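Residue numbering for the sequence shown follows the numbering used here, beginning at 24 and increasing consecutively.
Glycine residues also receive a C-beta, built at the ideal position from the N, C-alpha and C atoms.
Keep in mind it's a predicted model, so treat the numbers as computed, not measured.
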Amino acid sequence: MSSRLKDRVAIVTGGGHGIGKAYATRLAAEGAKVVIAEIDEKAALAVAEELRAAGHEALGMGTDVADPASLEKMTAAVVAKFGRIDVLVNNAAIFATVPMSRSPFDQITIPEWDRMMSVNVKGAWLAACAVIPQMRKQGYGKIINISSGTALKGSPSRIHYVTSKAAILGFTKTLANEVGKDNICVNCVAPGSTLSEENPDEGIIKMRSDASSGRALKRVQNPDDLTGAIVFFASADSDFITGQTLVVDGGSCLH
Numbered sequence: 024m025s026s027r028l029k030d031r032v033a034i035v036t037g038g039g040h041g042i043g044k045a046y047a048t049r050l051a052a053e054g055a056k057v058v059i060a061e062i063d064e065k066a067a068l069a070v071a072e073e074l075r076a077a078g079h080e081a082l083g084m085g086t087d088v089a090d091p092a093s094l095e096k097m098t099a100a101v102v103a104k105f106g107r108i109d110v111l112v113n114n115a116a117i118f119a120t121v122p123m124s125r126s127p128f129d130q131i132t133i134p135e136w137d138r139m140m141s142v143n144v145k146g147a148w149l150a151a152c153a154v155i156p157q158m159r160k161q162g163y164g165k166i167i168n169i170s171s172g173t174a175l176k177g178s179p180s181r182i183h184y185v186t187s188k189a190a191i192l193g194f195t196k197t198l199a200n201e202v203g204k205d206n207i208c209v210n211c212v213a214p215g216s217t218l219s220e221e222n223p224d225e226g227i228i229k230m231r232s233d234a235s236s237g238r239a240l241k242r243v244q245n246p247d248d249l250t251g252a253i254v255f256f257a258s259a260d261s262d263f264i265t266g267q268t269l270v271v272d273g274g275s276c277l278h
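The structure is reproduced here in structure tokens:
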């Protein structure tokens with residue numbers, strides 16, 4: 024790996040499992056000091072310890088992105104330990120590790136709809152609100168939001184999830200316009216169907232395998248396929264790119 028992110032401090036929400044863990048691992052390999060902000064505190068601490076054992080600087084903290092106080096506590100601890108915040112990866116979401124139902128639109132309960140929006144949409148907003156004051160002080164920052172290819176195509180039997188990820192597209196563009204004057208870039212990555220589940224059963228493996236038939240690149244997408252896009256948006260290579268969404272799905276959604 025290169026050292027494109029040497030001395031940068033990167034927060035990955037939901038970084039204790041799946042794709043988020045892959046993001047954290049790659050950012051650390053590129054030289055970043057990585058903070059795993061994860062509602063599963065045990066997983067956050069375990070990933071941080073794993074990264075430290077590999078020779079990286081890392082901090083794990085139990086963090087609920089739907090709770091402003093939890094986010095403020097986390098960001099204060101990051102600044103106290105590392106002195107700055109350069110990158111926020113808004114990855115935490117209800118999807119796999121915190122599961123969602125895959126039901127028709129009229130069978131989703133109101134509490135589940137509200138919880139989905141609270142974490143996937145409000146959580147991204149609150150996390151940005153928590154880190155941007157420090158980024159403004161520095162005159163530099165990178166916010167990377169995570170949407171989904173389903174928001175561009177529509178996907179049946181999960182309308183609450185797709186709606187939340189469509190909201191992230193507009194959130195990215197609007198926030199980019201608001202904080203550009205502060206030299207803060209805001210971009211978005213939209214993954215395709217990714218085999219990110221831990222210990223997937225045969226049904227999950229079949230679902231992820233079937234998705235490859237609609238791609239230009241005929242194979243299953245893995246978490247590591249997404250990490251290069253995250254490093255690009257976190258690095259100086261993208262310093263004049265903001266408000267953009269990069270679809271990483273092997274050519275499933277061509278636009």
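Comparing alpha carbon positions, the residue from His183, Lys188, Asp63 and Asn168 closest to Val112 is Asn168. Contact annotation, Ala52 with Ile59: C-beta distance approximately 14 Å; criterion of less than 8 Å not satisfied. For a cut-off of 8 Å, the C-beta gap from Arg238 to Asp272 is around 7 Å, short enough to register as a contact. Boundaries of the beta strand (DSSP E) around Thr36: Val32 to Thr36. In the three-state scheme derived from DSSP, where H, G and I count as helix and E and B as strand, Phe263 is classed as coil. When DSSP reads this structure, Ala213 sits in a beta bridge with Val270. Contact between Thr217 and Pro246 holds: their C-beta atoms lie close to 6 Å from each other, under 8 Å.
When the five nearest sequence neighbours on each side are left out, the beta carbons in the same chain lying within less than 6 Å of the beta carbon of Arg27 are those of Glu53 and Ser258, in order along the chain. Taking C-beta atoms as the reference points, Arg107 and Val212 fail to come closer than 8 Å. Contact annotation: Pro214 and Ser171 have beta-carbon atoms nearer than 8 Å. Around Leu249, the same chain offers Ile42, Ala45, Tyr46, Val212, Pro214, Thr217 and Val271 as residues with beta carbons nearer than 8 Å, after the five sequence neighbours per side are excluded. Taking one beta carbon from each stretch, the stretch 124-141 and the stretch 66-80 have fewer than 3 pairs nearer than 8 Å; the two do not touch. Under DSSP, the beta-bridge partners assigned to Gly83 are Ile59. With 16 or more other CB atoms across the displayed protein chains lying within 10 angstroms of its CB, Ile166 is buried. Considering only Ala69, Thr98 and Thr48, the residue with the shortest C-alpha distance to Val154 is Thr98.
Excluding residues up to 5 positions away in sequence, Leu218, Arg231, Ser232 and Ser235 lie with their Cβ nearer than 6 Å to the Cβ of Val243 in the same chain. One thing to note: Asp63 has its Cβ within 8 Å of the Cβ of Gly39. Less than 8 Å separates the beta-carbon of Cys276 from that of Leu175. Around the beta carbon of Asn210, 16 or more other beta carbons sit within 10 angstroms, so the residue counts as buried. The beta carbons of Leu94 and Leu149 sit about 6 Å from each other, so the pair counts as a contact at 8 Å. Here Asp109 is near Tyr163, since their CB atoms are less than 8 Å apart.
For Lys204, there is no enclosing alpha helix (DSSP H), since its DSSP letter is neither H nor E.
Distances from the CA of Pro156 to each of Phe194, Glu135 and Asp205 were compared; the closest alpha carbon is that of Asp205.
Counting the other CB atoms within 10 Å of its CB gives Ala89 a total of 16 or more, which places it among the buried residues. As a beta-bridge residue in DSSP terms, Gln244 pairs with Thr217.
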